[in-house]
Amino acid sequence: MKFGYQTNTWGGVVGHPAGVTSIKDLFYLTPGSDEEALRDIAAAGFTGVELFDGNLVAYQGREDEFRHFLNAGNLSLIAVYSGANFIYDDVLEDEFWRIEEAAKIGQTFGAEFLVLGGGAKRAGGPREEDYTKLAQNLDRAAELAQRYGLTALYHPHLGTIVEGPEALNKVMSQSRIGLCPDTAHLAAGGNDVPALIRKYASRIPYIHLKGLRREPLNFLPLDEDPEMAAIWQAVEDIGFDGWVTVELDAHQDPKAAATRSLQWLQARQATPAD
């Protein structure tokens, strides 16, 4: 396995301000320093990174600057993360413009995956057809990403219409797209994460690991989550051998948190399975 890290610990998660008035520009964004994040991630010992689409499209026209950040830490760009409302017919054209921009910039920097988190939640609650629309448009996004050499994956997320196992089954059963499980979001949504990893093993080429505290809800480094050992056992049980990216939305010491999570992973790899 290879280990990467998401840069959103260095600044948190926001949306691009232009997206308030223009849906096509509703990119995810971390307002911290990309250079600092990549430097700290490399120093912690990771070999890959994932960034939000908004952070990467900011380097259009100055691609060499971002390549320098990657090369300085001997890092690979694993994935680009983008949002996918995908249930509103009238805005699909603009949404797919944004998805294509994310795929283009991912190709520019050699990314393997385009991770799509979504399924917008209506004010009046989800409609049954929303799951079908989401599934169909995820497959459409996967076809688009493939044209740019990326593999698109679905990422269930709190705050969307796909939180629990029933909703996830609706989308996965109606689509062909692969799955990028975020272990904390899935657990908080009521899923049995080890069982889910085993169930969808053939559709999981990439994994997000994130520690979870259930009450009060908070995301943690891997070594602070007592349920992470069982999740990791499932990852090993399915013979997973791809990229594993650790994600932590916020922490008072991002570099230290990243270092601790990697040490936890390395210790698990060094311990023979029972």
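Heads up, the sequence shown is in my numbering, so the first residue is 39 and it goes up one at a time.
The C-beta atom is built at its ideal place from N, Cα and C for all residues, glycine as well.
Same chain, Cβ closer than 6 Å to residue i, five either side skipped, listed in chain order
i    : result
R306 : W270
T221 : V231, L247, K248, I269
D263 : G249, L250
Through-space distance from residue j to residue i, alpha-carbon basis
i    : j    : result
Q304 : S60  : 44 Å
N256 : L250 : 6 Å
D261 : L286 : 12 Å
L258 : F278 : 23 Å
D91  : T68  : 10 Å
G42  : Q145 : 18 Å
Q212 : A226 : 24 Å
G86  : A75  : 12 Å
R214 : N46  : 28 Å
A179 : D127 : 14 Å
A205 : L154 : 16 Å
V51  : L89  : 11 Å
W302 : T283 : 13 Å
A82  : L94  : 22 Å
R165 : A308 : 47 Å
Continuous alpha helix (DSSP H) stretch holding residue i: start and end
i    : result
R105 : 101-110
L130 : 130-146
Y169 : 166-185
L196 : Run containing L196: none; DSSP gives neither H nor E here.
L76  : 72-82
N207 : 203-211
R236 : 231-237
D261 : Element bounds for D261: n/a, residue is neither H nor E.
Q98  : First-last for Q98: undefined, no H or E at that position.
Those residues which DSSP pairs with residue i across a bridge
i    : result
V118 : L89, L152
D220 : H246
A190 : L152
T283 : G42, H246
Contacting residues, own chain, Cβ-Cβ under 8 Å from residue i (five flanking each side not counted)
i    : result
G228 : E201, G202, P203
Q184 : A190
G148 : S114, L115
W135 : K62
I242 : G216, L217, C218, P219, I235, I276, F278
R252 : A225, A226
Residue range of the beta strand (DSSP E) that includes residue i
i    : result
T297 : Here T297 belongs to no beta strand (DSSP E); instead the alpha helix (DSSP H) covers 292-308.
L258 : 256-258
7 Å Cβ cutoff, residue i in contact with chain D
i   : result
I79 : Within the model displayed, chain D is absent; a lone protein chain is all it includes.
Residue j beta carbon less than 7 Å from that of residue i
i    : j    : result
L188 : F124 : no
K208 : Y238 : no
V118 : L64  : no
G121 : G156 : yes
The ligand SAH heavy atom lying under 6 Å from the CB of residue i
i    : result
D128 : Here there are no bound small molecules, and the ligand SAH is not part of this structure.
Chain-order list of residues whose beta-carbon lies under 7 Å from that of residue i (same chain, five-residue window excluded)
i    : result
R236 : A272, D275, I276
M266 : G249, L260
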